[in-house]
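Residues in the sequence shown are numbered consecutively from 11, following the working numbering. Don't be surprised by glycine CBs; every beta carbon is placed ideally from N, CA and C. Working notes, beginning with the structure itself.
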Amino acid sequence: MSQQTRSVTVVGLGPMGRAMVRQFLEAGVEVTVWNRSPEKAEAMAELGAKRAATVAEALAANDVIVLSLTHYAAMYDVLGPAADHLPGKVIVNLSSDSPEKARAGAAWVRSHGAEFLSGGFMSAGDNITHPASYIFYSGPREVFDRHAELLRPLSPQEYLGADDGVAQVFYQALLVIFHPWMLAFDQALAVIQRSGHDIDQFLPYAQRSSEAFPFFMAEYAAAAKAGGWGDESAFRMMDAGAQHIIDASAEVGVDATLSHTAQAFWRRAIAASEQAGRAVSIFELMRGGTA
């Protein structure tokens, strides 16, 4: 591999950006960095990265530029003033945003003469070396193949296809699962603690119960392809179960907003099923009608 292909620019030095810089450096890749707040760039320079004084300088330094920003709007803010330096570059945007915003961002980058890849970083926070971490990529296959080796130090790679938005479709879909899980686990821990019990005693049981999640995921995925899980009796059982969770939370003063939301969905499914004269699953309600 040539020296040119063993160098990269990283723009955006939040926790993820800094983690990426460290991994590139550890793999022997020369890294140029730029960040709005210079102290973060200085910290990376102390590790061996080259600090660019301007975005234009950061773009000029390397052919491949990895973005780690809050959202795609920040890409326009950062790269826009230096857009005349984009022709011939490859922009790899690992920022989170909606699929349509990723597609629009890809079109904008290409309109300025650069190539583009979208990415979604699935990681345990900024621990990108965690065994469960990986990155979704989408965009032109030839662009991905040409630069996959350079990007490999970041995390294992999952290329999903030429559609610029598909990496964000899969990334955001997984975050759909993660966000309510975080809230639900906090509620569970609050119930344990407010009930006068030890969180450390509870944790192994929570971890043990999570071992069943792959089974439920497979069952729900199969059911979704057939219209969704459950019938009216199952929905009524889940409604009752949600009420028990709400009561248990309320008895010790724990906020059960999430459980009330879950119960509202079960009740919507019951009402829709009664009206339709057949089982109408929550999957169908969320999807928006029959296929």
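Exercise. Do the CB positions of G135 and F146 come within less than 9 Å of each other?
Worked result: no
Exercise. Helix or strand or just coil, what does DSSP make of I138?
Worked result: coil
Exercise. What do you get for Q14, buried or exposed, if any count of 16 or more other CB atoms within 10 angstroms of its CB means buried?
Worked result: At Q14, the pLDDT of 46 sits below 50, so the modelled position is not reliable; the number obtained from the coordinates is stated separately. Result: exposed.
Exercise. Under a Cβ-count criterion, where at least 16 other Cβ atoms within 10 Å of its own Cβ denotes burial, should H157 be classed as buried or exposed?
Worked result: buried
Exercise. Enumerated in chain order, which unbroken segments of the alpha helix (DSSP H) with a length of 4 residues or greater are wholly contained in the stretch 53 to 86?
Worked result: 65 to 71
Problem set entry | Per-residue DSSP class, three states only, for W44 | strand
Exercise. How about A62 and T42: do their beta carbons lie closer than 9 Å?
Worked result: yes
Exercise. Straight-line CA distance for S133 to S143?
Worked result: 4 Å
Exercise. Between K111, P109 and F131, which lies nearest to V76 when the distance is taken from Cα to Cα?
Worked result: F131
Exercise. Residue range of the beta strand (DSSP E) that S128 falls in?
Worked result: E125 to M132
Problem set entry | K50 versus L23: straight-line alpha-carbon distance, rounded | 6 Å
Problem set entry | Alpha-carbon to alpha-carbon, A244 and S283 | 11 Å
For this session: For R297, count neighbouring C-beta atoms within 10 Å of its own C-beta (all shown protein chains included) and say buried if the count is 16 or more, exposed if not.
Result: exposed
For this session: Please work out which residues of its chain come closer than 7 Å, Cβ to Cβ, to A252, disregarding the five sequence neighbours upstream and downstream, and give them in chain order.
Result: S269, A272, Q273 and W276
For this session: Taking A183 as the reference, give the member of A55, P109 and L295 with the closest Cα.
Result: P109
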